[in-house]
Amino acid sequence: MKIAILPGDGIGHEIVAEAVKVLNALNLPLEMNWADVGGTAYEKHGHPLPEATLELAKSSDAILFGAVGDWKYDVLERHLRPEQAILGLRKALGLYANFRPAICYKELVNASSLKPELIAGLDILLIRELTGDIYFGTPRGRRTAEDGHFPGTEEAFDTMRYSRPEIERIAHTAFQAAQKRGKRLTSVDKNNVLETSQLWKDVMVEVAQQYPDVALDHMLVDNAAMQLVKAPKKFDVVVTGNMFGDILSDEAAMLTGSIGMLPSASLNDRNQGLYEPSHGSAPDIAGKGIANPLATILSAAMMLRFSLNQPEAADRIEAAVQKVLEQGLRTADILSEGTTKVSTVEMGDAVVAAL
Ligand code: NAI
Ligand code: MG
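Sequential numbering of the sequence shown, starting at 1, is according to the UniProt record's numbering.
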């Protein structure tokens, strides 16, 4: 079982080190290989996704990824910015299906800014299409407008694009995930305005024929954003496109208490996967030893389950996380009255001890 370890930038190093510590404690035959990615790779090799890193990722069964990015790279040309590394990996490996389970542990209901009764017992799954949509669509660029509201002035444009096969495969992923859970799927789009969303909805309805046991409903993205904070427990599985999913999944993260709790898996059709916390490199707290490593540790558990076929090891990690929360240990982002504040490293150590 070959794993590429790509810590990246900012808190990436701190949180990935804790996940690796937990993986090592499992005594599984895991071959781990480290590589640079993001701003760290740009500094050392002149590119955020060096060829060697990409090759390592391609030849591994799974990738454990920290996070990339720092505001200081905003001055670089777009193709050299750290964020291009994660987009490049998704594209090169065909990682089109992004799973973000948002679970609110009962111990954390008071860590969220939302009312406890709203989120207690929350367990929803957000599935985001990850390789299409406006983030990858061409043409894109800047030009002098020939038409539009202000002809003769500078404009910028991106293209929102989805093909039928792209929507079909994420639809199958979502219906199959719903079959394994509460058998309810909500497809989120903006079909009242967007052509891509109309195709998205049409394909969802067609694919639904093959899954008569799953109840499909549709919601416009603006309403979905509202319902997620109004009545999040009404959802079971949510499937949506790349951009809407980006935004809704950060919103869903807050339902779990902290973005530091939300793991993610990005899979291709060979079950090769990239596993990363849903948050970014958090430059504001990097190097302080206070980042929450649990999203990354839980991502490692998803890696064992989805790409490495080690479901028992995944269960052990998840049970250990549950246990440290029961023990009252909290990093700063999830601290509440009556709990004990611990550092990133102490949290990792506690998870290992709880294994
Ligand atoms: P962010 O997720 O890095 O941080 C947002 C806020 O959440 C910050 O206040 C941060 O301190 C806090 N936070 C994040 N993770 C935490 C953790 N584990 N424990 C405790 N607190 C945590 O998002 P932001 O600030 O918008 O972006 C920072 C950089 O990260 C940017 O360069 C951005 O492009 C990049 N980014 C990278 C991603 C990736 O590598 N997949 C995803 C999202 C952002
Ligand atoms: Mg995001």
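For every residue, glycine included, the Cβ atom is placed at its ideal position computed from N, Cα and C.
Whole-angstrom distance between residue j and residue i, CA atom to CA atom
i    : j    : result
A301 : F150 : 52 angstroms
L80  : L87  : 12 angstroms
L114 : L122 : 12 angstroms
T256 : S163 : 33 angstroms
D147 : I5   : 48 angstroms
H279 : R78  : 21 angstroms
L199 : I124 : 25 angstroms
A229 : P212 : Note that residue 229 corresponds to Val in the displayed sequence, not to Ala. Rounded to the nearest angstrom, the two C-alpha atoms are 29 angstroms apart.
V203 : D158 : 23 angstroms
R184 : P232 : 14 angstroms
K106 : S299 : 20 angstroms
Y73  : M303 : 30 angstroms
E276 : G152 : 44 angstroms
L308 : A156 : 43 angstroms
I334 : W71  : 25 angstroms
E31  : Q227 : 43 angstroms
Q327 : Q176 : 35 angstroms
V193 : N271 : 34 angstroms
G46  : D133 : 28 angstroms
V205 : D269 : 22 angstroms
V345 : L76  : 33 angstroms
E168 : K234 : 25 angstroms
Y96  : E195 : 21 angstroms
R181 : R161 : 30 angstroms
A332 : A291 : 8 angstroms
Residue i - DSSP class collapsed to helix/strand/coil
i    : result
K341 : strand
E346 : helix
P139 : coil
P263 : strand
S197 : helix
I247 : helix
D284 : coil
E107 : helix
S307 : coil
A215 : strand
L130 : coil
A354 : helix
L255 : helix
Contact set for residue i: own chain, Cβ-Cβ below 8 angstroms, skip 5 residues either direction
i    : result
K154 : Before going on, a small fix: residue 154 reads as Glu here, not Lys. Once the five neighbours on either side are set aside, the close Cβ partners of E154 are R142, R143, T144, A145.
K323 : A354
T240 : L126, I127, R128, E129, S187, V188, D189, V221, A224, L248
K91  : T131, F136
A57  : A4, L6, A35, I63, L89, A92, L93, L274
T296 : I15, V16, E18, A19, L64, G66, P263, E276, P277
D61  : M1, K2, I3, Q272, S307, L308
Residues near residue i by beta carbon distance below 6 angstroms, same chain, minus five either side
i    : result
A320 : V351, A354, L355
S343 : G289
G348 : E18, K21, P293
E329 : In the sequence on display, residue 329 carries Leu and not Glu. Around L329: T340, V342, A350.
Y135 : N242
L216 : L185, A208
P311 : R305
A253 : I259, L262, S278
L49  : A85, G88
S197 : D189, K190, N191
K44  : D36
Check: residue i C-beta below 8 angstroms from any heavy atom of the ligand PLP
i    : result
S281 : This structure does not include the ligand PLP; its bound ligands are the ligand NAI and the ligand MG.
7 angstroms CB neighbourhood of residue i in its chain, flanking five on each side removed
i           : result
E83         : V68, G69
residue 411 : This structure cannot speak to residue 411, because the chain is shown only from 1 to 355.
N110        : P116, S336
L118        : P232
H172        : V207
Test: residue i CB closer than 9 angstroms to a CB of chain D
i   : result
G10 : Although the question refers to chain D, the structure presented lacks it and comprises just one protein chain.
Looking at C-beta atoms only, is the number of pairs between the stretch 260–267 and the stretch 91–110 that lie closer than 8 angstroms three or more? Yes, the stretch 260–267 touches the stretch 91–110.
Are at least three pairs of beta-carbons, each pair with one atom in the stretch 6–14 and one in the stretch 268–288, less than 8 angstroms apart? The answer is yes - the stretch 268–288 touches the stretch 6–14, with three or more Cβ pairs under 8 angstroms.
Counting Cβ pairs, one atom from each stretch, are 3 or more of them under 8 angstroms apart for the stretch 233–249 and the stretch 125–134? Cβ pair count under 8 angstroms is three or more, so yes.
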